[in-house]
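Q: Below is one structure. I have some questions about it.
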Ligand SMILES: [Zn+2]
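Residue numbers (the working numbering): 2 to 237.
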């Protein structure tokens, strides 16, 4: 039987690379949980300043536009607060500096559940392989959660240690749990639609892709629409 996560965590942190990533990856879940009373925080690690195929677009202007798009999407999903790390797009490094930034946020916000990309998901069929920043963020988050944030001698200047209970990794090829997003699939599609700068066709393809993907996950979970995750239980 597929396991569906029914409960609403109290405090949630979603950590992703680019301004549109949380909406595409887990927007239905974030909307469901924020509507259910969770305090949902989002961390965006880069400015998304290279996310265009147009050589005439100014990267700084693109970053500004994408930040505005993401703010509208966050409002739709009921995000409590967004935290921007402002690294250059495409240049994230899985190093001590990034882990330190993440540990500091985790220890300050003290979430019970952290969402991030599954860094082991590399190849999706023959059409797509996972963006480097997504892979980097996934591994940096996991290493920041365990052991770093949970043990006081890692980054002692970053505040008191905090053990996150659960990590849910999106964009996974091996989902182990699902969240029923039937009630919030339209919020998710609305949030994805806010990212106008990312669409050549006005967003029709993206809206269809998001719906189809959620339907496929729903079939596996036995509900109309779902988001699938690889789960790690980190807490005792
Ligand atoms: Zn991305």
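Idealized CB from N, CA, C, for every residue including glycine.
1. What would DSSP say about residue 45, mapped onto helix, strand or coil?
2. Are residue 138 and residue 46 close, meaning C-beta to C-beta below 7 Å?
3. How big is the Cα-Cα spacing for residue 207 and residue 199?
4. May I ask you to check if the CB of residue 18 is nearer than 6 Å to at least one heavy atom of ligand 1?
5. Does any heavy atom of ligand 1 sit closer than 6 Å to the C-beta of residue 87?
6. According to DSSP, residue 170 sits in a beta bridge with which residue or residues?
7. For residue 117, which option in 110, 101, 2, 231 has the closest C-alpha, if you only look at C-alpha atoms?
8. Mind pulling the alpha helix (DSSP H) runs of 4 or more residues that sit fully within the stretch 146-224?
9. Do the stretch 156-163 and the stretch 95-112 meet, that is, are 3 or more Cβ pairs less than 8 Å apart?
10. For the pair the stretch 65-75 and the stretch 18-37, tell me if three or more CB-CB distances fall below 8 Å.
11. How is residue 73 classed by DSSP in three states: helix, strand or coil?
12. Just how far apart, CA to CA, sit residue 189 and residue 152?
A: Reading from the atomic positions:
1. In this structure, residue 45 counts as strand in the three-state DSSP scheme.
2. yes
3. 9 Å
4. yes
5. Every heavy atom of ligand 1 is 6 Å or more from the Cβ of residue 87, so no.
6. 117, 231
7. Nearest of 110, 101, 2, 231 to residue 117, Cα basis: 231.
8. 186-194, 205-222
9. yes
10. yes
11. helix
12. 35 Å
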